[in-house]
Amino acid sequence: MHDDERLVTIASFETVWEASIARGVLNVAGIRALVPEETLIRSWRDSIFPIGTLQVLESDRDRAIAELRRSQIRLVPPSIEAD
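In this text, residue positions in the sequence shown follow my numbering: the first is 1209, and each later residue adds one.
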(Lines of atoms letter the chains of each structure in order from A and count residues from 1; the text may use other names and numbers.)
(Lines give C-alpha, C1' and ligand atoms only; values in the text may rest on other atoms or scores of the structure.)
Protein backbone atom coordinates (compact mmCIF):
# COMPACT_ATOMS: atom_id res chain seq x y z
CA MET A 1 0.00 0.00 0.00
CA HIS A 2 1.20 3.48 -0.81
CA ASP A 3 0.60 6.35 1.60
CA ASP A 4 -1.04 8.32 -1.18
CA GLU A 5 -3.32 5.53 -2.41
CA ARG A 6 -6.90 6.71 -2.50
CA LEU A 7 -10.04 5.09 -1.17
CA VAL A 8 -12.78 4.26 -3.65
CA THR A 9 -16.42 3.55 -2.95
CA ILE A 10 -17.35 0.14 -4.31
CA ALA A 11 -20.96 -0.15 -3.13
CA SER A 12 -23.86 1.56 -1.41
CA PHE A 13 -26.26 -0.18 0.96
CA GLU A 14 -29.67 0.75 2.30
CA THR A 15 -28.34 0.88 5.85
CA VAL A 16 -25.04 1.40 7.62
CA TRP A 17 -25.59 -1.98 9.28
CA GLU A 18 -25.61 -3.77 5.90
CA ALA A 19 -22.46 -1.92 4.83
CA SER A 20 -20.82 -2.95 8.10
CA ILE A 21 -21.56 -6.61 7.43
CA ALA A 22 -19.94 -6.31 3.99
CA ARG A 23 -16.94 -4.59 5.63
CA GLY A 24 -16.63 -7.53 8.01
CA VAL A 25 -16.66 -10.01 5.13
CA LEU A 26 -13.83 -8.12 3.47
CA ASN A 27 -11.84 -7.81 6.68
CA VAL A 28 -12.03 -11.58 7.22
CA ALA A 29 -10.70 -12.02 3.66
CA GLY A 30 -7.75 -9.76 4.52
CA ILE A 31 -9.04 -6.71 2.64
CA ARG A 32 -9.10 -3.47 4.60
CA ALA A 33 -12.43 -1.70 4.18
CA LEU A 34 -14.15 1.34 5.60
CA VAL A 35 -17.74 2.43 6.16
CA PRO A 36 -17.41 6.20 6.67
CA GLU A 37 -20.91 6.53 8.12
CA GLU A 38 -19.92 4.34 11.11
CA THR A 39 -17.69 7.16 12.33
CA LEU A 40 -20.45 9.70 11.85
CA ILE A 41 -22.90 7.58 13.82
CA ARG A 42 -20.43 7.36 16.69
CA SER A 43 -20.06 11.13 16.58
CA TRP A 44 -23.80 11.89 16.37
CA ARG A 45 -25.46 9.08 18.28
CA ASP A 46 -28.98 10.44 17.74
CA SER A 47 -28.65 10.68 13.97
CA ILE A 48 -29.80 8.00 11.57
CA PHE A 49 -28.08 7.70 8.21
CA PRO A 50 -30.24 6.21 5.47
CA ILE A 51 -27.38 4.69 3.49
CA GLY A 52 -24.01 3.11 4.11
CA THR A 53 -21.12 3.16 1.69
CA LEU A 54 -18.27 0.70 1.49
CA GLN A 55 -14.78 1.90 0.61
CA VAL A 56 -11.54 0.05 -0.10
CA LEU A 57 -8.11 1.02 -1.36
CA GLU A 58 -8.13 1.48 -5.11
CA SER A 59 -5.68 -1.42 -5.55
CA ASP A 60 -8.11 -3.76 -3.70
CA ARG A 61 -11.22 -2.77 -5.69
CA ASP A 62 -11.48 -5.79 -8.01
CA ARG A 63 -10.53 -8.30 -5.32
CA ALA A 64 -13.06 -6.78 -2.89
CA ILE A 65 -15.89 -6.88 -5.42
CA ALA A 66 -15.08 -10.49 -6.28
CA GLU A 67 -15.05 -11.45 -2.59
CA LEU A 68 -18.41 -9.81 -1.93
CA ARG A 69 -19.96 -11.54 -4.95
CA ARG A 70 -18.49 -14.86 -3.81
CA SER A 71 -20.13 -14.26 -0.43
CA GLN A 72 -23.43 -13.51 -2.23
CA ILE A 73 -23.65 -9.96 -0.92
CA ARG A 74 -25.83 -7.89 -3.23
CA LEU A 75 -23.85 -4.91 -4.48
CA VAL A 76 -25.49 -1.65 -5.41
CA PRO A 77 -23.11 0.45 -7.47
CA PRO A 78 -22.31 3.75 -5.75
CA SER A 79 -23.35 7.03 -7.28
CA ILE A 80 -20.63 8.86 -9.17
CA GLU A 81 -20.51 11.54 -6.45
CA ALA A 82 -19.61 8.92 -3.81
CA ASP A 83 -15.98 8.66 -4.97
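For glycine and all other residues, C-beta sits at the position ideal for the given N, C-alpha and C.
Here the structure is a predicted model, which means the values were calculated and not measured.
Cβ-based neighbour list, residue i, same chain, cut-off 8 Å, excluding 5 preceding and 5 following
i, result
"R1277", "L1283"
"E1275", "V1233, L1234, A1237 and I1239"
One or two residues paired with residue i in a DSSP bridge
i, result
"V1224", "Per DSSP, none; premise fails for V1224."
Of the listed residues the options, nearest to residue i (C-alpha basis)
i, options, result
"P1285", "D1212, G1238 and A1227", "A1227"
"R1214", "E1275, A1272 and D1268", "D1268"
"I1218", "A1230, A1241 and Q1263", "Q1263"
"A1241", "D1212, V1216 and Q1280", "V1216"
Reduced DSSP category for residue i - H, G, I as helix; E, B as strand; rest coil
i, result
"L1276", "helix"
"A1230", "helix"
"V1236", "helix"
Chain-order list of residues whose beta-carbon lies under 6 Å from that of residue i (same chain, five-residue window excluded)
i, result
"S1220", "I1259, T1261, V1284 and P1286"
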